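Structure first, commentary second.
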């Protein structure tokens, strides 16, 4: 039998069983991989020393302790953007460095790189797979290329022309409800609820050729009443059954929102924020206002990429291969070195008669590069139609004070006071 010498441990020779050899081999493999990972991490960290990072880094949590998903967090992002004008390093925990890019010149090498060089970073996008599967938003490689190639003709400008009537019809349904609510003068509305239903209605008609009548509460309630009675019947459902079905009902809007994905799902948020002045004679001005609102309140504040090879930045610094980076759309849109007085609402920044010398990547509400939003023209057209018709028929006023934190959105949708527009108004 094979003798295994353990003299280096101060022990005599012992018989080496297969299990001992397997355990020794596994431990050696684990140790080798651990040493390789430590070496790679050390090299990567050494190459990242050229990038500044925010203070107050925790030894274990990194910068997670200063990142918050609320108004204070948005305020902190704004302050960080004013301090770090191009790129800085953040640590998500003790071993996960992420570079945050917030200047057009620095995001260009990443966004304009081929999809194979800077694919989507799946640590974040992987959370969407249970809802979206391996669709256009999450997929990569040949599958993404094939899906993109098949879907691109469906969003051609000539095809979108036929959708204008659909957008108009869905807006008319919403406005008919508003006319009833404002028949006595004015009314307060949950704009997010109404505009979300209008957007969902348009999307179903355009993409699925299906009229769900989702904007008609009588139609929806009438059809669902028998089903709801069965669903919540105490005879057929126990407590767990009710809880389970409630969870399904709570999940359904989320799933529908993700199905709406191609840049359209966030349209209701943007439309809620557009309380514009009463000048519809010039559609270019309407477009300017929409773009300025998208700049101030981008529907997605950041996107992430994984660098499969070294990417050289304009100042000579290098994003090492294997590192993840975040393109901060919010940071680019609020960068004072790109946009003077970035917190001021000024539609004339986008005046076509007075073009500014800015990078095309200074305004990226729908991302840019090979993986930009395929439905951005669809979303912009829908917003223009809905806003033009709304401002033609109603006076729209903010209900109370808007949140003071830049980029913050109201938790339950923006309330508003609505009144029909008089003929001489």
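Numbering (the working numbering), first residue to last: 27 to 451. A virtual CB, placed ideally from N, CA and C, is assigned to each residue, including glycine. Only a predicted model underlies this, so the values are computations on that prediction, with no experimental measurement involved.
Taking contact to mean at least 3 C-beta pairs separated by less than 8 Å, is the region 46-57 in contact with the region 320-333?
no
What residues in its chain sit with their C-beta under 7 Å from that of residue 190, if we drop five residues either side in the sequence?
Numbered from 1 along the chain shown, position 164 holds the residue referred to as residue 190. Correct list, in chain order: 407 and 411.
Contiguous beta strand (DSSP E) assignments of at least 3 residues, all confined to the region 389-432:
420-424
I'd like to check one pair, residue 176 with residue 164: are the Cβ atoms closer than 8 Å?
On the chain shown, position 138 is the one that residue 164 refers to. On the chain shown, position 150 is the one that residue 176 refers to. Cβ distance not < 8 Å, so residue 164 and residue 176 don't count as in contact.
Within 10 angstroms of its Cβ, does residue 413 collect 16 or more other Cβ (buried), or is it exposed?
On the chain shown, position 387 is the one that residue 413 refers to. The residue in question, residue 413, is buried, as its Cβ has 16 or more Cβ neighbours within 10 Å.
Is residue 321 near the ligand MG, going by C-beta to nearest heavy atom under 7 Å?
What this structure holds is no ligand at all, so the ligand MG is not there to describe.
As a quick exercise: from 44, 372, 391 and 234, pick the residue whose alpha carbon is nearest that of residue 314.
As a working mapping, residue 314 is identified with position 288 in the chain shown. Checked all of 44, 372, 391 and 234; the closest Cα to residue 314 is 372.
Can you list the alpha helix (DSSP H) stretches of 4 or more residues lying completely in the region 203-247, in chain order?
217-233
Cβ pair residue 224, residue 196 closer than 8 Å
The count along the chain shown starts at 1 and reaches residue 224 at position 198. The count along the chain shown starts at 1 and reaches residue 196 at position 170. Yes, the Cβ-Cβ distance between residue 224 and residue 196 is below 8 Å.
Could you tell me the distance, in whole angstroms, from the CA atom of residue 118 to the CA atom of residue 111?
Position 92 of the chain shown holds residue 118. Position 85 of the chain shown holds residue 111. About 20 Å.
Using DSSP's beta-bridge definition, name the partner residues of residue 48.
Working through the chain shown from its first residue, we reach residue 48 at position 22. Answer is none; residue 48 lacks a bridge partner.
Between the alpha carbons of residue 231 and residue 194, how many angstroms are there, rounded?
By one-based count along the chain shown, residue 231 stands at place 205. By one-based count along the chain shown, residue 194 stands at place 168. Cα to Cα, the separation comes out at about 12 Å.
Among 320, 397 and 374, whose alpha-carbon lies nearest the alpha-carbon of residue 359?
Locating residue 359 in the chain shown gives position 333, counting from the first residue. Nearest C-alpha to residue 359: 320.
Could you check if residue 198 is buried or exposed, using at least 16 other CB atoms within 10 Å of its CB as the buried criterion?
Taking the first residue of the chain shown as 1, we reach residue 198 at position 172. Exposed, since its Cβ has fewer than 16 Cβ neighbours within 10 Å.
Measure the C-alpha to C-alpha separation of residue 136 and residue 331 and round it to an integer number of angstroms.
Residue mapping note: residue 136 aligns to position 110 of the chain shown, counting from 1. Residue mapping note: residue 331 aligns to position 305 of the chain shown, counting from 1. One C-alpha to the other measures close to 8 Å.
Check whether the region 363-383 and the region 333-344 touch, using three or more Cβ-Cβ pairs below 8 Å as the test.
no
On the premise that residue 108 lies in contact with residue 391, defined as a C-beta separation below 8 Å, what is that separation, rounded to the nearest angstrom?
Along the chain shown, read from residue 1 onward, the residue named residue 391 stands at position 365. Along the chain shown, read from residue 1 onward, the residue named residue 108 stands at position 82. About 20 Å separates the two Cβ atoms, so there is no contact after all.
Looking only at its own chain, which residues have a Cβ that is under 6 Å from the Cβ of residue 344, when we skip the five neighbours before and after it?
Position 318 of the chain shown, counted from the first residue, corresponds to residue 344. Counting only Cβ-Cβ distances below 6 Å, and skipping sequence neighbours, we find 336 and 338.
Would residue 409 count as contacting chain B if we go by Cβ distances under 8 Å?
As a matter of chain content, chain B is missing from the structure shown, which is built from one protein chain.
Consult DSSP for residue 132 and reduce its assignment to one of helix, strand or coil.
Numbered from 1 along the chain shown, position 106 holds the residue referred to as residue 132. Residue 132: helix per DSSP, three-state reduction.
Tell me, to the nearest whole angstrom, how far the beta carbon of residue 80 is from that of residue 116; I am working on the premise that it is less than 8 Å.
Start at 1 with the first residue of the chain shown, and residue 80 comes out as number 54. Start at 1 with the first residue of the chain shown, and residue 116 comes out as number 90. Correct: roughly 7 Å between the Cβ atoms.
So which of 389, 417 and 350 has the shortest CA-CA distance to residue 121?
Locating residue 121 in the chain shown gives position 95, counting from the first residue. Checked all of 389, 417 and 350; the closest Cα to residue 121 is 350.
To which residues does DSSP link residue 57 through a beta bridge?
Reading the chain shown from its first residue, position 31 is the one you call residue 57. In DSSP, residue 57 forms no bridge with anything.
Between the C-alpha atoms of residue 74 and residue 215, what's the straight-line distance to the nearest angstrom?
On the chain shown, position 48 is the one that residue 74 refers to. On the chain shown, position 189 is the one that residue 215 refers to. Cα to Cα, residue 74 sits roughly 50 Å from residue 215.
Span of the beta strand (DSSP E) holding residue 2?
Residue 2 lies beyond the range of the chain shown here (27 to 451); nothing can be said about it.
Check whether residue 400 and residue 133 have beta carbons under 8 Å apart:
As a working note, residue 400 is residue 374 in the chain shown. As a working note, residue 133 is residue 107 in the chain shown. No, the Cβ-Cβ distance between residue 400 and residue 133 is not below 8 Å.
Assuming residue 131 and residue 385 form a contact by the criterion Cβ under 8 Å, report the distance between their Cβ atoms to the nearest whole angstrom.
Position 105 of the chain shown holds residue 131. Position 359 of the chain shown holds residue 385. Correct: roughly 7 Å between the Cβ atoms.
Buried versus exposed call for residue 357 [16 or more other C-beta atoms within 10 Å across all chains shown]:
Translated into the one-based positions of the chain shown, residue 357 becomes position 331. The residue in question, residue 357, is buried, as its Cβ has 16 or more Cβ neighbours within 10 Å.
Determine the DSSP secondary structure at residue 436, reduced to helix, strand or coil.
Your numbering for residue 436 matches position 410 in the chain shown. Below a pLDDT of 50, predicted positions are generally treated as unreliable, and residue 436, at 44, falls in that range; the measurement from the model is reported next regardless. Three-state result, residue 436: coil.
Would you tell me roughly how many angstroms separate the C-alpha atoms of residue 149 and residue 209, rounded to the nearest one?
Taking the first residue of the chain shown as position 1, residue 149 is located at position 123. Taking the first residue of the chain shown as position 1, residue 209 is located at position 183. Cα-Cα distance, rounded: 51 Å.
According to the Cβ coordinates, are residue 113 and residue 125 closer than 8 Å?
Taking the first residue of the chain shown as 1, we reach residue 113 at position 87. Taking the first residue of the chain shown as 1, we reach residue 125 at position 99. Yes, Cβ-Cβ distance for residue 113 and residue 125 is below 8 Å.
Can you give me the start and stop residues for the beta strand (DSSP E) that residue 352 sits inside?
Counting from one through the chain shown, the residue named residue 352 turns up at place 326. Residue 352 -> beta strand (DSSP E) spans 350-354.
Can you list, in chain order, the residues of its chain with a C-beta nearer than 8 Å to that of residue 77? Leave out the 5 residues immediately preceding and following it.
The residue you call residue 77 lines up with position 51 of the chain shown. Closer than 8 Å at Cβ, skipping near neighbours: 113, 114, 115, 125 and 343.
Going by CA-CA distance only, name the one from 376, 346 and 340 that's closest to residue 309.
As a first step, residue 309 is located in the chain shown; it is residue number 283 there, counting from the start. Closest by alpha carbon: 376.
Exposure label - residue 98; buried when at least 16 CB within 10 Å
As a first step, residue 98 is located in the chain shown; it is residue number 72 there, counting from the start. Residue 98 comes out exposed.
For the beta strand (DSSP E) containing residue 76, name the first residue and the last one.
In the chain shown, the residue the question calls residue 76 occupies position 50. From DSSP, residue 76 is part of no beta strand (DSSP E); its letter is neither H nor E.
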